[in-house]
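Inspection log for the structure reproduced underneath, given as C-alpha cells.
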Amino acid sequence: MLPSPSSSPAAPHRGQRETLHNQTNTYACSTPTSKRQIKADFSLPTPPKFEDASKRVRSSDGPSSRKRIRLSLHTDALSGESEDESEDGDVKMEGIEMLRFRARTSVSYCRNWQTRISGHTFGRGLPQPNTRQILRSFVSSSKADLFKCEARETGYALTIPYGCAYSHGAKHGGEPLLAVSTEAGSVHILNTRNRSDWESESSRTTIHAHQNGIFDVKWNKLDTLLATASGDQSTRILCPRTSSCLHTLLGHSSTVKCVAWDPIHQDLLSTGGRDGSICLWDLRVAESRNGDILAPIFKIDNAQRDANERKARGRKPKMQPILPSITSILYPESEPYQLISSGSAEGKLKSWDLRQCHASDSKHPPMQYLCSSPSDPTTSHGSSRSRGITSIAEGHGPSAGIIFAVGTDSRIHTYTLPSLTPQLTNYTKETMSTTSFYIRTAISPCGRWLACGGTGPKGKAFLYDVGNAARPSQSQSPVEGVELTGQLGEVGAVDWAEDMLATCADDGTVRVWRANVEVERQCREQPEDKRWDWCWAE
1 MLPSPSSSPA
11 APHRGQRETL
21 HNQTNTYACS
31 TPTSKRQIKA
41 DFSLPTPPKF
51 EDASKRVRSS
61 DGPSSRKRIR
71 LSLHTDALSG
81 ESEDESEDGD
91 VKMEGIEMLR
101 FRARTSVSYC
111 RNWQTRISGH
121 TFGRGLPQPN
131 TRQILRSFVS
141 SSKADLFKCE
151 ARETGYALTI
161 PYGCAYSHGA
171 KHGGEPLLAV
181 STEAGSVHIL
191 NTRNRSDWES
201 ESSRTTIHAH
211 QNGIFDVKWN
221 KLDTLLATAS
231 GDQSTRILCP
241 RTSSCLHTLL
251 GHSSTVKCVA
261 WDPIHQDLLS
271 TGGRDGSICL
281 WDLRVAESRN
291 GDILAPIFKI
301 DNAQRDANER
311 KARGRKPKMQ
321 PILPSITSIL
331 YPESEPYQLI
341 SSGSAEGKLK
351 SWDLRQCHAS
361 DSKHPPMQYL
371 CSSPSDPTTS
381 HGSSRSRGIT
391 SIAEGHGPSA
401 GIIFAVGTDS
411 RIHTYTLPSL
421 TPQLTNYTKE
431 TMSTTSFYIR
441 TAISPCGRWL
451 ACGGTGPKGK
461 AFLYDVGNAA
471 RPSQSQSPVE
481 GVELTGQLGE
491 VGAVDWAEDM
501 LATCADDGTV
511 RVWRANVEVE
521 RQCREQPEDK
531 RWDWCWAE
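Here full-length UniProt numbering is used: the first residue of the sequence shown is 1, the next is one more, and so on.
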C-alpha cells in the first residue's frame, strides 16, 4: 500500500518508486540531494505519478493487494487513501478530466481544489494538472450575483465601473468585500457573499470621492484604507469605516491611471499617470505638516522612456512628442524595495530600485531603472510595431516568479523575475480582444488561474490555467482559455476572492462568478430554460 503522510519511508521494492524526500521547490541537478533539501514544517504525502493514464503500478505487498488510486477533489483525496476496485487487481490513474464528474459542488468544490493545487502537493518541479474543467464550471446568478452601479449625480442612472478590488481578507476566506470605482467618481463597497436568489443584497457603502472618473482603486495591506486614482489628476486616501477622505495626493499633471500600496510599509504607495511619471508617497508626511494635501516624496519623470535615448539635434520640433502613459505598477513580493511598471507604447517592463530615490537636480542625474526587458514580446508574433501593455499581475504559488502582462495585441505575455525577460509562453484565444487600455487582469489566490477582461459588444471575460507558466517544458504548449459571457459592452476590471471572481462591464453592472458543477450541468442540458436565471462559460 502507499505510505501514509506520517509514515517513514521504507526501502523500495523492485518496480516501486522511491518516496519523495521532505522538500519543496527543488530541481534535480548534480548536487547531492542532502545538500539541496529544503526542510518543511509538514510531511508531504507521496504524490501520484503523472504519466500515461493506463500505466500499471505494483504495490509493495505483492499482486494480491493491488488497488486503484483515484484523484478526487474530496478533502480525503491525495492524502494517501484508496478504494478497492475490480478483481483483476490493476492499478490505474484516472485523468484529471474525470474530476469534474466526481467532484462536490459549489464552495467546498473550489476551496478544496485550490488548497490542493496551491503548490504544496505537486510542487513546481512537477507538471500541474489541467484544471480547465473547473474553470468551465463557473456560473453567475442573474439575481443574486448581479450588482448595479448607480450614480446619485445622474438621478441614480447606471454608471460604468472602471476598477474593482477585493480586500486582502476576502482573498484569504474572510468577508468578501469588493470595492468598485465608477465613472461618476464614487466608490461602492459591496458584500458579494453567496446568497439565495430572493435574499436581499447586504447594505453597501458608497463614498463620493472625486468629481471625475476613478480609474483604479486598491486596499491597503490591513484593509483599513482605500487609495483611488482619478481623472481629476489626484489620488485620495479614503477610510471605508467613516466614508471620509483622509488625504489628497497632488503631483501628476494629467490623469492618474494606477495605484499600488507597498506590501512591506503600510504608509507608502505609488501612482502612475498619463503624464508618463511615477510618484512615490509617504502618508507619514501629513502628520508633520498637519494637513490633508500631500506632495510626492519622489517623482520619476518619463518612466517608460529610455533615459539613454539621444535627443534629436537641431531645432526643436514644433510639437512635443507624446510621452508613454504608465498603465500599471506593482510591488513584486519576491523583490522587496523594487517597483515594476508598464507603459502604453511598448511591451517592455521596467524595474526600479526605490532605495536609489533622490532629488533630481544638477548634482543628481535623473533616476535610472534597475533593469528593463531585453526584448519586446509584442513584436514576436508578426506585428510590425510595438504594442502597449494594459495591465500587469504577479504570479504566486505554482506561478511564482512570473509577471503576466496583457497587451493591446490581444495576448497575455509572460516575463520572468527578476530579469523581466519575456518567455515564449503566452495566452490568447481567437475571440479575445484586449485593444483598450481599460482592460485589467488578476491572478486567483491559489495562483493557478488568471482572469482578463475583453473589448467588444458582448461583454466577454477570459479565464486561463497558468499553473505551468513557470515550467520551460510547457513554454510552447497552447493553453485553451475559457470564455465567460453574461454582460454587455466592454469588460474592463476583474478581481478574485477565495471562491469567486468579479467582472465589471460597460453596462453598469458587476457580476460575481462561482464554481458550481451541478448548476453548470443543468445549464448545458437546459440552456433555453436556464438562460433567464444563469450565465455560464462558453
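Think of the CB as a built atom: it goes at the ideal place given N, C-alpha and C, for glycine as much as any other residue.
By the Cβ neighbour-count rule, T224 is exposed, with fewer than 16 other Cβ atoms within 10 Å of its own. Judged by their CB atoms, L354 and L330 are not nearer to each other than the 8 Å cut-off. As summarised for the stretch 261-303, the continuous alpha helix (DSSP H) elements at least 4 residues long and confined to that stretch are 285-289, given in chain order. When the alpha-carbon of W449 is set against those of P457, S433 and Y427, the nearest one is in Y427. Cβ-Cβ separation between S140 and W513: approximately 5 Å, consistent with a contact (criterion under 8 Å). Nearest in C-alpha terms to E153, of all of H208, L349, K530 and E528, is H208.
Under the three-pair Cβ rule at 8 Å, the stretch 484-501 does not count as touching the stretch 409-417.
Distance from S270 to L249 at the Cβ level is roughly 10 Å; contact not present, criterion being Cβ atoms closer than 8 Å. Taking a 10 Å sphere around the C-beta of S244, we find fewer than 16 other C-beta atoms and assign the residue as exposed. By the Cβ-count criterion, I264 is exposed, with fewer than 16 other Cβ atoms from all chains shown falling within 10 Å of its own Cβ. The beta carbons of T327 and S342 sit closer together than 8 Å. Rounded to whole angstroms, the separation of the alpha carbons of A505 and E483 is 15 Å. The criterion of a C-beta distance shorter than 8 Å is not satisfied by I237 and L190. Taking the Cβ atoms as the reference, V479 lies roughly 23 Å from D499, outside the contact range of under 8 Å. When only Cα atoms are considered, G185 and S334 end up about 34 Å apart. The Cβ-Cβ distance between L323 and G272 does not fall below 8 Å. DSSP places Q133 in the uninterrupted alpha helix (DSSP H) bounded by R132 to R136.
With a threshold of 16 other beta carbon atoms within 10 Å, E525 falls short and is exposed. A direct Cα-Cα distance of roughly 22 Å separates A170 from G467. A345 carries a coil assignment under DSSP once its states are collapsed to helix, strand and coil. According to DSSP, V519 shares a beta bridge with no other residue.
Annotation for D495: the continuous beta strand (DSSP E) segment containing it runs V491 to W496.
Residue environment analysis places D409 among the buried positions, since at least 16 neighbouring C-beta atoms fall within 10 angstroms of its C-beta. The three-state reading of DSSP puts D529 in helix, counting H, G and I together.
Rounded to whole angstroms, the gap between the alpha carbons of T205 and G382 is 48 Å.
Under the 8 Å Cβ criterion, the stretch 131-138 does not count as touching the stretch 157-165, having fewer than three qualifying pairs. Secondary structure note for L178: its beta strand (DSSP E) is the uninterrupted segment L177 to T182. Secondary structure of T378 (DSSP, three-state): helix. Sequence-distant Cβ neighbours of L222 in its own chain, meaning closer than 7 Å and more than five residues away, are Q266. Assignment of T154 by DSSP, reduced to helix, strand and coil, places it in the helix class. Taking the Cβ atoms as the reference, T435 lies roughly 5 Å from T455, within the contact range of under 8 Å.
Bounds of the beta strand (DSSP E) holding Q423 are T421 to Y427. Following the DSSP letters along the chain, one finds L225 in no beta strand (DSSP E), marked with neither H nor E. Straight-line measurement puts the Cα of T425 at about 17 Å from the Cα of A442. About 17 Å separates the Cβ atoms of C258 and D301, ruling out a contact at the 8 Å cut-off.
Between M432 and D292, the alpha-carbon positions lie close to 43 Å from each other.
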